[in-house]
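Per our numbering, the sequence shown runs over residues -2 to 315. Note that the Cβ used here is the ideal one computed from N, Cα and C, for glycine as well. A short worksheet on the structure shown next.
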Amino acid sequence: MKKYIDTGKKDTRSGFGEGLAIAGRQDERVLALTADLKGSLKMGAFAKEFPERFIQCGIAEANMVGVAAGLAITGKVPFIGSFAEFVTGRVYDQLRQEVAYGHTNVKIASSHAGITLGEDGATHQTMEDIALMRALPGMTVIVPCDYNQTKNATIAAAQFDGPVYLRFGRPSVPNFTGADEPFEIGKIYNLNEGSDVTFITCGHLVWEALTAAEALEAEGISAEVLNVATIKPLDAKTILASVAKTGCAVVAEEHNMAGGLGEAVAGVLAAEAPAPLVFVNGEDKFGQSGTPAELMKAYGLDAAHLVEAAKKAIAKKK
């Protein structure tokens, strides 16, 4: 099994902040807008270096979307940043009408996603955002796994022509991908070759899947690990090839069961090559207050639960 080294835990929102600053240096068309959350979105470096390209919209998320859409029409590349709950659910009408329908070149920077937002509780934890964004025609959905990949995905999003939803989080998590590894939108990254079961996962669950694969290896079970950093468009070819080899899969995500990565993968396999699947997700529940680690364990979103899910998937082959 390929070994990955945690070079030091970092929050993925800081990866976005660094990537945004780099994108700003590379392209003077890049702008940053936020709804009174510059610090939380780690936009401070960009705002300091490019004050004329930073727009503080205040607590007016719907207006922020409209401003960004207008700027995109003039040829700018605006990033709008807020908490995931506020930049999806609160402004869904604006995203549909002004961004997706017009296919405007707006990048939606979505921080504090999932239950790992932690102690702020259910009102601020969104576990439905991927479903909302996947449903919008033409919307690209990216969920990177660590600091480095979030940085590189932000740079790639700035260079991409079309609306992008970029999802990242608040807690510090293992940082293990290459610092300068170019991010390819639409590509699934095969992090570990395996023959008995495939882990198909994204975001914070990727490291948990690698940890689970290592535990399974000690029991003589070979697990393939796919990092689905782009959920839409989905790299169906890589999923089909992996599951054809292993015969079963576990789909794991920090999102509710409806409309997320699990349903996207199930749709691919149902249409092309049905195979046993086990889903690890937030089920049909809201979040609750607690530390990120406590909540991930309580919702079964950790390596120990992934190990059991893999064994269930393998048993379904028999």
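Buried or exposed, going by whether 16 or more other CB atoms sit within 10 Å of the CB of P230? Under this definition P230 is an exposed residue.
Reference D281; option with closest CA among M124, A212, A155: M124
Per-residue DSSP class, three states only, for F211: In the sequence as presented, Phe is not what sits at residue 211; that position holds Glu. Correct three-state label for E211: helix.
T243 - containing alpha helix (DSSP H), residue span: 233 to 243
Exposure of Q23, with buried meaning 16 or more beta-carbon neighbours within 10 Å: exposed
Between T288 and E214, what straight-line distance do the alpha-carbon atoms span, to the nearest angstrom? 30 angstroms
Cβ pair I105, V161 closer than 8 angstroms: yes
For Q203, which residues in the same chain have their Cβ closer than 8 angstroms to its Cβ, ignoring the five residues on either side in sequence? Here residue 203 is Val; the residue named in the question, Gln, does not match the sequence. Counting only Cβ-Cβ distances below 8 angstroms, and skipping sequence neighbours, we find C142, D143, L188, V222, N224.
Could you check the C-alpha separation between D158 and G67 for me, to the nearest Å? 15 angstroms
Can you round the beta-carbon distance between G259 and A220 to whole angstroms, since I take them to be within the 8 angstroms contact cut? Not a contact, Cβ separation roughly 17 angstroms.
How is the beta strand (DSSP E) around F51 delimited, first residue to last? Note, F51: beta strand (DSSP E), 51 to 53.
Taking the CB atoms as reference points, tell me whether I182 and L163 lie closer together than 8 angstroms. no
Sequence-distant residues of its chain with Cβ nearer than 6 angstroms to T85 (five each side left out): D126, L129
With a CB to CB cut of under 8 angstroms and the five nearest residues on each side skipped, what residues in its chain are close to G135? A97, H100, G159, P160
Which runs of the alpha helix (DSSP H) fall wholly inside the region 10 to 59 and span at least 4 residues, in chain order? 41 to 46
Determine whether the beta carbon atoms of F165 and T4 lie at a separation below 8 angstroms. In this structure, F165 keeps its C-beta atom at 8 angstroms or more from the C-beta atom of T4.
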